[in-house]
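The structure appears right after this line, and notes come after that.
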Amino acid sequence: MSRRRYVRATILWAALFSAGFSAVAMLSPRPRLMWNASASAPVGLYRLESDTRPRFGELVAIVPPAATARMMAERHYLPIGVPLMKHVAALPGQWACRAGAVVSVDGKRVAIAKSHDRMGRPLPSWQGCHRVRTDELFLLNPAPDSLDGRYFGALPAAGLIGTAHPILTRDAPDQPLRWRGFGASAASPTTNQEHRP
C-alpha cells in the first residue's frame, strides 16, 4: 500500500469513527445493560427496557433528582450519575402516605421508614399523603434498609431509564450468581395485586 493510500484510508476511518461518536452524542442513547451492586435489590446484571411504561411491582432504573443525588453522594450511599434500582410501589393516581414511620399505598402498609442511617445521621423525611401524579413514580424495595420512597416520596418519572429485567443475579449476598435469561420479570416478591389502583 502506498503512503498516499494509507493516509487516505486513515483519514476515512478517522472520519467514520468521528461521525459515529458524534451520532452517539447527539442521540444520547439509554443504557441497555446495567450492573446493580446495591444490596437493596438483587445484585447482578440487568437488561434495561426503555420503550414501555413500567407496571406495578416492576424493577426500574431511575436517575434521582439532582438534590437527592447530591445528598446520596455526600453521604457515600451512591455516587453521582449512578441510577437507583427500585420497584414500582404506586402508579399515577394512587395515594402514597407516610404517617410517622409507617408508609402506605392506598391505605395498605407497605414499609417502615427509619429515622437515622447506620452512621446515626438523620434520614430525609416526609409526612402526609400524596396522590402520585402522571409524571411521577413511587418506588420501594423489599429490603428494610433501602433508600427509597419511604424517605423521598414520589420521584419524577423524567429520570426513568427503563424497566430492569434480571439476566445474571444472586438471591442473597452469599449466593452464587444465577442465570435468569433475557426475558425474566423483576417484579418484587413482596408486592401483590392488592396495591393496584
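Residues 19 to 215 (the numbering used here) make up the sequence shown, in order. A virtual CB, placed ideally from N, CA and C, is assigned to each residue, including glycine.
query: From Gly171 to Gly199, what does the alpha carbon distance come to, in whole angstroms?
result: So the two alpha carbons sit approximately 33 Å from each other.
query: Using 8 Å as the Cβ pair cut-off and three pairs as the minimum, do the segment 123-140 and the segment 172-183 touch?
result: Result no; under three Cβ-Cβ pairs closer than 8 Å.
field: Spatially closest choice to Arg136 from His148, Asp69, Val128 and Ser164, by CA coordinates
entry: Cα-wise, what sits closest to Arg136 is Ser164.
task: Measure the alpha-carbon distance for Ala59 versus Ala182 and round it to whole angstroms.
output: Going by C-alpha positions, Ala59 is about 11 Å away from Ala182.
message: I'd like to check one pair, Leu77 with Tyr64: are the Cβ atoms closer than 9 Å?
response: Yes, these two residues count as a Cβ contact at 9 Å.
- prompt: Below 8 Å, can you find three or more Cβ-Cβ pairs linking the segment 67-82 to the segment 96-106?
  reply: Contact holds: three or more Cβ-Cβ distances are below 8 Å.
message: Looking at Leu149: is its Cβ nearer than 9 Å to the Cβ of Arg116?
response: The question names Leu, but residue 149 in the sequence shown is Arg. Not a contact, by the Cβ cut-off of 9 Å.
query: Is it the case that the Cβ atoms of Leu173 and Leu158 are separated by a distance below 9 Å?
result: For Leu173 and Leu158, no; Cβs fall outside 9 Å.
field: Enclosing alpha helix (DSSP H) for Glu76 [first to last residue]
entry: No alpha helix (DSSP H) contains Glu76, which DSSP labels as neither H nor E.
task: Go to Met103, then tell me how far its beta strand (DSSP E) extends in each direction, as first and last residue.
output: Counting along the chain, the beta strand (DSSP E) containing Met103 begins and ends at Leu102 to Ala108.
- prompt: When DSSP builds the beta bridges, which residues end up paired with Val121?
  reply: Val121 has Arg116 and Ala129 as its beta-bridge partners, per DSSP.
- prompt: Looking only at DSSP bridge pairs, what is Gly180 linked to?
  reply: DSSP output for Gly180 lists Ala79 as bridge partner(s).
query: By Cβ distance, which residues of its chain are closer than 8 Å to Glu154, with the 5 residues on each side in sequence left out?
result: These residues qualify, in order along the chain: Pro110, Ala172, Leu173, Pro174 and Ala175.
query: What's the call for Pro72, buried or exposed, on a 16-neighbour Cβ count within 10 Å?
result: Buried.
task: Use the C-beta contact count for Val120: other C-beta atoms within 10 angstroms, 16 or more gives buried, fewer gives exposed.
output: Its Cβ having fewer than 16 others within 10 Å, Val120 is exposed.
task: Could you pull out every residue in the same chain whose Cβ sits closer than 7 Å to the Cβ of Thr152, ignoring the five residues on either side in sequence?
output: Pro110, listed in sequence order.
task: Output the distance between the C-alpha atoms of Leu66 and Gln145, rounded to the nearest integer angstrom.
output: Here the alpha carbons of Gln145 and Leu66 stand approximately 32 Å from one another.
query: Count the other CB atoms within 10 Å of the CB of Gly62; is the residue buried (16 or more) or exposed (fewer)?
result: When all chains shown are included, Gly62 counts as buried.
query: Do you know offhand how far Tyr24's Cα is from Met52's?
result: Cα to Cα, Tyr24 sits roughly 39 Å from Met52.
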